[in-house]
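Contents: one structure, followed by commentary.
2 protein chains.
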Amino acid sequence: MIRISEAESRVMQVLWQHAPLDAEAIIRALAEHNDWHEKTVKTLLNRLLRKGAIHAERDGRRYLYSPLLERDDWQAEESRNLLERAFDGRLAPMLAHFTRHEKLDEQDLRELRRLVEAIERQHDDDKESP
Amino acid sequence: MIRISEAESRVMQVLWQHAPLDAEAIIRALAEHNDWHEKTVKTLLNRLLRKGAIHAERDGRRYLYSPLLERDDWQAEESRNLLERAFDGRLAPMLAHFTRHEKLDEQDLRELRRLVEAIERQHDDDKESP
DNA sequence: CAAAACGAATTACAAGCGTAATCTTTTGCT
DNA sequence: AGCAAAAGATTACGCTTGTAATTCGTTTTG
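These protein sequences, in sequence, are chains A and G.
Here the first sequence is numbered in the numbering used here, starting from 55 and rising by one per residue.
Here the second sequence is numbered in the numbering used here, starting from 55 and rising by one per residue.
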């Protein structure tokens, strides 16, 4: 399982949004919010390459980079990690925590309801086909 | 804001459950699940001390350690961090993610329902007293 | 063609981390 | 009193990370 660092993940975010991109485009995209030197981004790209998190394909004198590690998988990995590390792997306390500490909007609410329904359905299925 | 590492957080977990404890008790508690040398745990305790995450009080020839950093605050910190890093700070996608990737049990379900109700009430309040 | 410019690859370097080993101080025991 | 055992303090060491700078190879350009 590929582990990427905080800074590396910023680079991935860019690639997850549009890919393939060449180094210059990535640097530009990152310059807006982070404040990294061009060389820094190049280093991160290299490390991501070595880790197998991205792929580089030659295009003339430059490379085009694309993600290999999938965003969804990475999110799953990171979420699971937090769950284990901080909440003993139990989701309920984590959810409770979010209720207490984050302000939720309409969309969050809709998402929560869908969650509840999904679980109910899932539990019903379990009963029907044992 | 105090930043503690993965390994350090294991030590904190022990102290959050029972404190104060002396080094030996902490080492014993950790030996069960991790597989750390006594010296390793001592190092971690020292680092936590320097970071101000715990407090040590002399008791005869040894120290009794207690947490200073609160568990709830740490959880909040870590959760927020994940939310920002991995989900652009938006809760809904994160919740959706959990639906798709984690198996939820009865207790999670109850917790979720309570959550939904709490939020609905909260939203109603907003409407009534603008 | 020689030099400059650009992109990529290699190297740098301090701080943090995981994982201890060694050193120092205190103290209980003979 | 002298020494071994125990607890804590200091030091170690290789790896990762954040943050670049330097070097190398290839084009482009005067």
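Heads up, the beta-carbon is just placed ideally off N, CA and C, and yes, glycines get one too.
Secondary structure of residue i, DSSP reduced to three states
i: I108 of chain G; result: strand
i: P147 of chain G; result: helix
i: R167 of chain A; result: helix
i: D142 of chain G; result: coil
i: D113 of chain G; result: strand
i: D178 of chain G; result: helix
i: S133 of chain G; result: helix
i: S59 of chain A; result: coil
i: D76 of chain A; result: strand
i: L158 of chain A; result: coil
i: L118 of chain A; result: strand
i: N100 of chain A; result: helix
i: W90 of chain G; result: coil
i: L84 of chain G; result: helix
i: L123 of chain G; result: coil
Residue i: contacting residues in chain G (beta-carbon distance under 7 angstroms)
i: S59 of chain A; result: Those do not exist, as S59 of chain A stays about 11 angstroms from chain G at its closest Cβ, beyond 7 angstroms.
Alpha carbon of residue i to alpha carbon of residue j, nearest angstrom
i: R164 of chain G; j: V170 of chain A; result: 9 angstroms
i: N100 of chain G; j: R82 of chain G; result: 17 angstroms
i: L149 of chain G; j: H177 of chain A; result: 19 angstroms
i: D179 of chain A; j: I173 of chain A; result: 10 angstroms
i: A146 of chain A; j: H151 of chain G; result: 15 angstroms
i: H109 of chain G; j: Y119 of chain G; result: 6 angstroms
i: R168 of chain A; j: A61 of chain G; result: 36 angstroms
i: L122 of chain G; j: G143 of chain G; result: 28 angstroms
i: E156 of chain A; j: D113 of chain G; result: 41 angstroms
i: P74 of chain G; j: L136 of chain G; result: 30 angstroms
i: I58 of chain A; j: L102 of chain A; result: 8 angstroms
i: M66 of chain G; j: E111 of chain A; result: 45 angstroms
i: L166 of chain G; j: V68 of chain G; result: 28 angstroms
i: K96 of chain G; j: L158 of chain A; result: 41 angstroms
i: Q71 of chain G; j: M55 of chain G; result: 22 angstroms
i: R139 of chain G; j: E132 of chain A; result: 9 angstroms
i: T94 of chain G; j: A107 of chain G; result: 17 angstroms
i: T153 of chain G; j: Y117 of chain G; result: 45 angstroms
i: R134 of chain G; j: R125 of chain G; result: 14 angstroms
i: Q129 of chain A; j: A77 of chain G; result: 36 angstroms
i: A79 of chain A; j: R104 of chain A; result: 20 angstroms
i: D127 of chain A; j: E86 of chain G; result: 31 angstroms
i: N88 of chain A; j: F141 of chain G; result: 17 angstroms
i: R175 of chain G; j: E182 of chain A; result: 34 angstroms
i: L98 of chain A; j: E160 of chain G; result: 43 angstroms
i: W90 of chain A; j: W90 of chain G; result: 38 angstroms
Contacts that residue i makes with chain A (C-beta to C-beta distance below 9 angstroms)
i: H155 of chain G; result: D126, Q129, A130, S133, R134
i: H151 of chain G; result: D126, Q129, A130, S133
Interface residues of chain A facing residue i [CB-CB closer than 8 angstroms]
i: R139 of chain G; result: E60, S63, E132
Proximal residues of chain G, C-beta to C-beta of residue i below 8 angstroms
i: V95 of chain A; result: Under the 8 angstroms cutoff, chain G gives no residues; its nearest Cβ is about 18 angstroms from V95 of chain A.
Residue i: contacting residues in chain G (beta-carbon distance under 9 angstroms)
i: L102 of chain A; result: Result: empty, since nearest Cβ-Cβ is about 16 angstroms, beyond 9 angstroms.
i: R168 of chain A; result: L149, A150, T153
Chain-ordered neighbours of residue i on chain A, where CB pairs are closer than 7 angstroms
i: A146 of chain G; result: Q161, D162, E165
i: L158 of chain G; result: L145, I173
Cβ separation of residue i and residue j, assumed to be a contact under 8 angstroms, to the nearest whole Å
i: R64 of chain A; j: L84 of chain A; result: 6 angstroms
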